[in-house]
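Peer 1: Read in order, the letters of the sequence shown correspond to residues 181 to 399 in full-length UniProt numbering.
C-beta atoms are modelled at their ideal positions from N, C-alpha and C, and glycine is treated no differently.
This structure is a prediction, so every number in the text was calculated from the model and none was measured.
The structure under discussion is supplied below as structure tokens; questions concerning it will follow.
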Amino acid sequence: FDNQLLTGKHVVITAGPTRESIDPVRYITNKSSGKMGFALAEAAAEAGAKVTLIAGPVYLPTPSRVERVDVIRAVDMYETCMDVVENGCDVFIATAAVADYRPTVTADHKIKKSTEEIHLTLVKNPDIVASVAEHAKRPFTVGFAAETQDVMAYAQGKLVNKKLDMIATNDVSGTNVGFNSDNNALTVIWPSGHKVLPLASKAQIAKQLIELIAIRYKD
Ligand code: C5P
């Protein structure tokens, strides 16, 4: 592994879930552990990059030589990412499992038990990686796609629709990869090709993906 691969480059990585409050004691979130994003931050730092890790609520130590910004809600992750991109960066990797929707209103007080059925209205969150890819100061933009079926087709669709330079996709229908696992297997797709990274530890997969990103970025 070449520790000069990304020397002088600023790599920004989102990781973990986001948390969307319903009331002061309840929220909507997902099963993301943040492990893949943190492993990528560590690998990018080892490759010589300046790394900014924008993390949702996770229980992981910050890798050495990585600048970490903690956020809770998708809208905060969006604002933080837009600021960093506005200031200029070279590579953006979106591993965060951003909540697609948030409650339209967050109650000021704990919602009381009442009728048999109550309704929660949700509103769409901004798509962070798609916004980064559309930015005037667009960095080399990499997305992730966790799918349970037709993995390649859905990932290809996201690559095009979100105007990404590369997408790393994993099949999360099995239990040995993806969410919370220490291992992962990825199929990485870019407009003119693809590469399979077979099952390995997230640390090993992260190094391979950082190498692949560095090669495509320099092209
Ligand atoms: O559309 P989907 O959520 O499957 O796309 C996954 C990719 O998009 C991931 O890279 C994820 O980090 C990113 N994403 C985002 N903002 C959202 C939703 C997804 O950056 N609101």
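1) Kindly examine the ligand C5P and report whether one of its heavy atoms sits closer than 7 Å to the Cβ of Pro283.
2) Tell me, to the nearest whole angstrom, how far the beta carbon of Asp203 is from that of Ala279; I am working on the premise that it is less than 8 Å.
3) For the candidate residues Ser381, Ala383, Arg206, whose alpha-carbon lies nearest to that of Lys292?
4) Say yes only if the C-beta of residue 438 is nearer than 7 Å to one or more non-hydrogen atoms of the ligand C5P, and no if none qualify.
5) Which residue comes first and which comes last in the beta strand (DSSP E) that contains residue 472?
6) Is Phe272 buried or exposed, if buried means 16 or more other CB atoms sit within 10 Å of its CB?
7) At a cut-off of 7 Å, would you count Asp351 as near the ligand C5P, judging by its Cβ distance to the nearest heavy atom?
8) Secondary structure at Phe218, three-state DSSP: helix, strand or coil?
9) Between the segment 239-257 and the segment 360-373, can you find at least three pairs of beta-carbon atoms closer than 8 Å?
10) Does Val191 pass the burial test, meaning 16 or more other C-beta atoms within 10 Å, or should it be called exposed?
11) Tell me whether Leu389 is buried or exposed, calling it buried when 16 or more other Cβ atoms sit within 10 Å of its Cβ.
12) In chain order, what residues of the same chain lie with their CB nearer than 7 Å to the CB of Ala223, ignoring the 5 residues before and after it?
13) Give every residue of the same chain whose Cβ lies closer than 7 Å to the Cβ of Tyr281, excluding the five residues on either side of it in the sequence, and list them in chain order.
14) Would you say the beta carbon of Ala219 is closer than 7 Å to some non-hydrogen atom of the ligand C5P?
15) Just reading off the alpha helix (DSSP H) that Glu391 is part of, what are its end residues?
Peer 2: For this structure:
1) On the sequence shown, position 103 is the one that residue 283 refers to. Checking the Cβ of Pro283 against the ligand C5P gives no.
2) Position 23 of the sequence shown holds residue 203. Position 99 of the sequence shown holds residue 279. Rounded, the Cβ-Cβ distance is 16 Å, inconsistent with contact.
3) On the sequence shown, residue 292 is found 112 positions in, with the first residue counted as 1. The candidate whose alpha carbon is nearest that of Lys292 is Arg206.
4) With the chain covering 181 to 399 only, the question about residue 438 has no answer from this structure.
5) This structure leaves residue 472 out entirely; the chain is present only between 181 and 399.
6) In the sequence shown, counting from the first residue as 1, residue 272 sits at position 92. Phe272 should be labelled buried.
7) Translated into positions along the sequence shown, residue 351 becomes position 171. For the ligand C5P, not one heavy atom lies less than 7 Å from the Cβ of Asp351.
8) Stepping through the sequence shown from its first residue, residue 218 is reached at position 38. In the structure shown, Phe218 sits in a helix (DSSP, three-state: H, G or I).
9) The segment 360-373, when compared against the segment 239-257, does not touch it at the 8 Å Cβ threshold.
10) By one-based count along the sequence shown, residue 191 stands at place 11. With 16 or more Cβ atoms within 10 Å of its Cβ, Val191 is classed as buried.
11) Position 209 of the sequence shown, counted from the first residue, corresponds to residue 389. That one is buried.
12) Here residue 223 corresponds to residue number 43 of the sequence shown, with the count starting at 1. Apart from sequence neighbours up to five positions away, the residues of its chain that approach Ala223 with a beta-carbon distance below 7 Å are Ala386, Lys387, Ile390, ordered along the chain.
13) One-based indexing of the sequence shown puts residue 281 at position 101. Around Tyr281: Leu302, Val303, Lys304, Asn305.
14) Sequence index remark: in the sequence shown, residue 219 carries index 39 (1-based). No; taking the cut-off as 7 Å, the Cβ of Ala219 has no heavy atom of the ligand C5P nearer than that.
15) Against the sequence shown, residue 391 aligns to sequence position 211. Unbroken alpha helix (DSSP H) run through Glu391: 382-398.
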